[in-house]
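Asker: Protein chains in written order, with the working numbering: chain Y, 1 to 212; chain G, 213 to 424; chain R, 425 to 636; chain V, 637 to 848.
All residues carry an ideal CB built from backbone N, CA and C; glycine is no exception.
Number of protein chains: 4
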Amino acid sequence: MDTFNKLIELFRRFPGIGPRQAKRFVYFLLSGDKPFLEGLVSMISALKREITQCQECFHFFGSSLGIVKSAHEQVTALCHICTDKNRGDEELMVVAKDIDLEAMEKSNTYRGRYFVLGGLISPMERRNPDKPRLRELQIRVGKGVKSGMLKEIILALSANPDGEHTSDELKRMLSEFPVKVSILGRGLSTGSELEYADKETLKSALKNRSTS
Amino acid sequence: MDTFNKLIELFRRFPGIGPRQAKRFVYFLLSGDKPFLEGLVSMISALKREITQCQECFHFFGSSLGIVKSAHEQVTALCHICTDKNRGDEELMVVAKDIDLEAMEKSNTYRGRYFVLGGLISPMERRNPDKPRLRELQIRVGKGVKSGMLKEIILALSANPDGEHTSDELKRMLSEFPVKVSILGRGLSTGSELEYADKETLKSALKNRSTS
Amino acid sequence: MDTFNKLIELFRRFPGIGPRQAKRFVYFLLSGDKPFLEGLVSMISALKREITQCQECFHFFGSSLGIVKSAHEQVTALCHICTDKNRGDEELMVVAKDIDLEAMEKSNTYRGRYFVLGGLISPMERRNPDKPRLRELQIRVGKGVKSGMLKEIILALSANPDGEHTSDELKRMLSEFPVKVSILGRGLSTGSELEYADKETLKSALKNRSTS
Amino acid sequence: MDTFNKLIELFRRFPGIGPRQAKRFVYFLLSGDKPFLEGLVSMISALKREITQCQECFHFFGSSLGIVKSAHEQVTALCHICTDKNRGDEELMVVAKDIDLEAMEKSNTYRGRYFVLGGLISPMERRNPDKPRLRELQIRVGKGVKSGMLKEIILALSANPDGEHTSDELKRMLSEFPVKVSILGRGLSTGSELEYADKETLKSALKNRSTS
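1) In the DSSP assignment, what are the bridge partners of R:Lys604?
2) Name the two residues that bound the continuous beta strand (DSSP E) containing G:Arg323.
3) Roughly how many angstroms lie between the CA atoms of Y:Gly118 and Y:Gly62, to the nearest whole one?
4) Tell me the rounded alpha-carbon separation between G:Ile263 and G:His377.
5) So, is R:Met548 buried or exposed, given that buried needs 16 or more other C-beta atoms within 10 angstroms?
6) Look at the Cβ atom of R:Val540, then the Cβ atom of R:Ile577, and state whether they are nearer than 8 Å.
7) Quick one: which chain Y residues come within Cβ less than 8 Å of G:Val393?
8) For V:Ser706, count neighbouring Cβ atoms within 10 angstroms of its own Cβ and tell me buried if that reaches 16, exposed if not.
9) Alpha carbon to alpha carbon, how far is R:Val603 from R:Ile491? Give it in angstroms, no decimals.
10) Taking C-beta to C-beta, are R:Val565 and R:Leu558 nearer than 8 Å?
11) Which chain G residues are close to R:Leu453, counting only those with a beta carbon under 7 Å from its beta carbon?
12) Mind checking R:Pro556: buried by the 16 CB within 10 Å criterion, or exposed?
13) Can you list the residues of chain G that R:Lys530 reaches, using a CB-CB cut of under 7 Å?
14) Return yes when the Cβ of V:Leu824 is within less than 8 Å of the Cβ of V:Ala841, no when it is not.
15) Identify the contact partners of R:Arg448 in chain G, using a Cβ-Cβ distance below 8 Å as the criterion.
16) Which whole-angstrom value describes the C-beta separation of V:Phe696 and Y:Pro15, a residue pair presumed to lie in contact below a C-beta threshold of 8 Å?
17) If you follow the alpha helix (DSSP H) that G:Lys376 is part of, which residue opens it and which one closes it?
18) Taking only beta-carbon atoms, is R:Val569 less than 8 Å away from chain G?
19) If R:Ile545 sits next to R:Glu515, beta carbons under 8 Å apart, how far is it from one beta carbon to the other, in whole angstroms?
20) What did DSSP end up calling V:Gln774 once you bin it into helix, strand or coil?
21) Give the secondary structure of G:Ser282 by DSSP, where H, G and I count as helix, E and B as strand, and everything else as coil.
22) If G:Ser243 sits next to R:Asp554, beta carbons under 8 Å apart, how far is it from one beta carbon to the other, in whole angstroms?
23) For the region 530-546 of chain R, enumerate the residues whose C-beta is nearer than 8 Å to any C-beta of chain V, in chain order.
24) Taking beta-carbon pairs under 7 Å, can you tell me which members of the region 596-630 of chain R lie near chain G?
25) State the beta-bridge partners of V:Ile717 as determined by DSSP.
26) Kindly indicate if chain G contains any beta-carbon less than 8 Å away from that of R:Lys430.
27) Check G:Phe226 in the structure and name its three-state DSSP category.
28) What did DSSP end up calling G:Glu302 once you bin it into helix, strand or coil?
29) According to DSSP, is V:Lys839 helix, strand or coil?
30) Interface residues of chain Y around V:Thr639 at Cβ under 8 Å?
31) Kindly list, in the order they appear in chain Y, the residues whose Cβ is closer than 7 Å to that of G:Ile366.
32) Between G:Tyr326 and G:Val357, how many whole angstroms is the CB-CB distance? I'm expecting something under 8 Å.
33) What's the call for G:Lys309, buried or exposed, on a 16-neighbour Cβ count within 10 Å?
34) Return the first residue and the last residue of the alpha helix (DSSP H) that R:Gln445 is part of.
In structure tokens, the structure reads:
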């Protein structure tokens with residue numbers, strides 16, 4: 001297979017990209033000018049070097065920030081959230097992906113720590129492209145418990161079958177630790193119409209009704 | 213305008229029907245056999261006679277059920293929910309449409325009374341095809357308060373701009389009554405993905421998190 | 425089953441209407457005022473009386489137009505197209521539905537006669553709600569041939585599997601008549617993008633290219 | 637701006653990619669293993685080197701094929717279509733994009749030469765990301781005319797406003813040459829339903845009807 005078709009194959013692995021759009025990408029690159037292509041290549045090459053994965057929460061972050069270096073110790077990469085002294089250690093929120101962590105940070109409503117699972121546990125053991133970091137989560141929780149600080153683990157996973165299955169599995173797995181495990185509240189999400197809401201959503205919406 | 217086009221105009225007023233489908237309906241009727249057409253005409257004619265609107269909650273119901281008749285009193289039409297002695301009078305749930313009441317009943321989670329508003333208060337005084345029964349709601353609440361039974365009004369409106377605007381207006385309107393006014397809880401509805409959830413939804417989901 | 429649910433069942437038979445929208449229709453009628461409901465009932469009742477099916481082409485038309493009545497003869501209903509002396513008898517265009525005839529008339533490009541088939545021949549003998557008028561077509565063509573006027577039958581059916589199958593079957597069926605049978609030309613339809621066009625379309629588009 | 641955000645900006649320029657998917661691409665690369673990233677970088681770097689643009693028709697092609705090299709002459713890159721002796725020089729088909737040329741080749745119906753315009757002439761002089769190669773087309777046609785071989789230019793552009801505007805402009809531009817200029821035929825494309833076909837399509841479909 002030649003470069004043209006090999007590159008189509010690589011783009012097909014990108015999330016949400018089918019064969020037709022992958023080919024369009026290659027034609028787009030062929031029409032691209034030299035600075036654009038060189039920029040793209042150099043950025044992709046630099047990406048892993050300049051973006052670091054936090055060794056505590058597994059969030060990706062710009063490595064210019066937060067790396068604790070010392071002459072005698074090993075370099076430890078910690079992100080700005082894990083090193084923020086104004087955030088509490090009582091709560092640990094487990095999210096599936098970096099992008100979920102970002103959504104939660106933008107909502108400006110949570111001031112505890114995070115753990116990026118990196119994937120979900122599929123009910124069927126189907127295609128599981130991204131394996132969740134279960135062992136790493138246990139270590140992280142163990143550390144929090146040992147320090148005496150961690151009081152609650154908040155499982156902030158999507159309200160769909162994979163998310164719910166993963167929440168169930170994590171609850172079982174984390175039951176060995178003397179710490180509360182909660183899941184995000186269900187209810188009407190923005191835009192929900194009562195007429196189309198399912199039983200589960202209505203039940204929670206009624207239970208969580210508020211007078212504010 | 214002839215019958216053909218007049219009928220198209222009438223079908224265009226049906227919810228969700230544009231000119232093309234309205235015309236298709238008329239051609240469909242033209243191809244329909246006599247029993248079908250006669251059945252349709254007789255059902256439409258009978259509908260209002262056989263379905264009654266509850267004089268308490270304004271829910272539509274089959275009039276063979278629930279009508280309280282007496283020789284000396286006036287006939288009063290009350291639906292099976294308003295006359296159900298096993299349901300409590302402490303809570304009154306305000307919904308926009310009959311179909312919302314049905315969704316809530318199907319969820320099998322609420323055991324109080326209802327009030328069908330029949331429409332929403334539009335923020336812009338835009339096209340407002342269905343006027344909400346505000347005066348009737350005040351009378352209903354007044355009665356509940358007077359009886360000493362009513363403790364809480366639950367505004368169960370959709371989580372969209374019109375629903376929220378109506379909830380705000382109703383809260384103001386009902387503040388004269390010595391009764392709690394609540395709204396349904398927000399949170400992740402079934403199928404919600406964290407990544408796409410808005411700030412409001414995440415905030416409520418976090419607040420309403422549960423350990424069950 | 426009561427009137428409410430029976431009416432839902434009747435509306436579900438309307439083209440393109442599922443159970444949810446059928447129910448919404450019934451609630452819509454329940455909220456409708458008396459003049460609207462009476463108008464609807466009277467229009468539906470009058471429809472078949474005031475709209476006639478042409479006995480020549482099976483097109484529906486307002487019966488105030490075109491009915492040839494005489495004291496001694498039977499009433500024969502002929503539409504304005506079949507009775508238009510400015511249109512030619514050389515060409516007979518076969519369409520599936522009235523709405524297709526209307527689309528063709530609006531294009532203002534055809535001046536011959538029509539025959540409304542009323543349905544397509546399904547390749548699988550699957551659900552075939554509307555049976556095509558095959559026998560009637562043969563009679564109509566036979567008459568045209570006998571008069572010596574009819575020269576060409578144009579099969580104007582949709583470019584999809586059912587349409588193509590019906591065209592094939594009609595060609596076979598009509599081969600007994602000494603008359604040309606043609607089908608509409610294939611090519612790029614308005615809005616078509618070359619990139620997504622299939623082989624058949626491109627082949628015809630190339631063959632039918634024009635210098636105008 | 638850091639590498640993370642710079643790379644998002646670069647991916648946003650890819651066809652059909654919005655900010656959310658661009659960010660997802662970057663997270664995807666961050667999770668990617670080393671061989672994948674190195675492969676991607678090396679393929680993108682090699683692409684322009686290994687894929688050549690034909691100097692005759694401006695089609696992209698694998699440069700291992702078709703390059704005419706000689707010790708004394710300059711290297712001239714000609715694609716396998718331009719150098720195919722079994723194809724005729726009488727017809728030159730003008731397409732907008734490489735991907736259109738591919739669609740036409742796959743239809744296996746055309747045996748002449750091509751010219752890839754590389755873009756369309758926008759009616760409004762709106763955002764025109766890809767400038768069409770008008771000057772190059774004139775040179776190519778001039779050469780064909782001079783050789784005495786070229787008889788017809790087929791404008792194979794999409795049947796949408798930009799395509800039609802470009803066809804009109806090209807016809808005017810090419811009118812100076814003693815050669816026929818045609819456009820692809822309009823008609824029902826595969827899947828077209830008569831009911832939804834516009835006037836232009838029906839007119840052409842009727843004109844191009846066939847008895848085959």
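Answerer: Straight from the coordinates:
1) R:Glu576
2) From DSSP, G:Arg323 is part of no beta strand (DSSP E); its letter is neither H nor E.
3) Whole-angstrom Cα-Cα distance: 18 Å.
4) 31 Å
5) Result: exposed.
6) With contacts defined as CB atoms closer than 8 Å, R:Val540 and R:Ile577 fail to qualify as a contacting pair.
7) Thr211
8) Note that V:Ser706 scores 46 on pLDDT, short of 50, meaning its location in the model is unreliable; the coordinates nonetheless yield the value given after this. Classification of V:Ser706: exposed, given that the 10 Å Cβ count is below 16.
9) Because R:Ile491 carries a pLDDT of 45, less than 50, the predicted location of this residue cannot be relied on, and no value is offered for it.
10) no
11) Ile256, Leu259
12) buried
13) By Cβ distance, chain G contributes nothing, its closest Cβ being about 13 Å from R:Lys530, past 7 Å.
14) Yes. Within cutoff.
15) Pro227, Gly228, Ile311
16) Actually they do not touch by this definition, with Cβ atoms about 26 Å apart.
17) It is worth fixing the name first, because residue 376 of chain G is Glu in this sequence and not Lys. Following the DSSP letters along the chain, one finds G:Glu376 inside the alpha helix (DSSP H) bounded by residues 373-386.
18) no
19) No, R:Ile545 and R:Glu515 are not in contact; Cβ-Cβ is about 22 Å, not under 8 Å.
20) helix
21) With a pLDDT of only 46 at G:Ser282, under 50, the local geometry of the prediction cannot be trusted, and the value read off the model is given with reservation. Three-state DSSP puts G:Ser282 in coil, outside helix and strand.
22) 7 Å
23) Lys530, Ser531, Asn532, Thr533, Tyr534
24) none
25) Its beta-bridge partners do not exist; DSSP assigns none.
26) yes
27) Secondary structure at G:Phe226: coil, using DSSP grouped into helix, strand and coil.
28) coil
29) Here V:Lys839 sits in helix by DSSP.
30) Under the 8 Å cutoff, chain Y gives Met43, Ala46, Leu47, Glu50, Ile51, Gly62.
31) Arg209
32) Between G:Val357 and G:Tyr326 the Cβ distance is about 17 Å, and since that is not below 8 Å, they are no contact.
33) buried
34) 443-455
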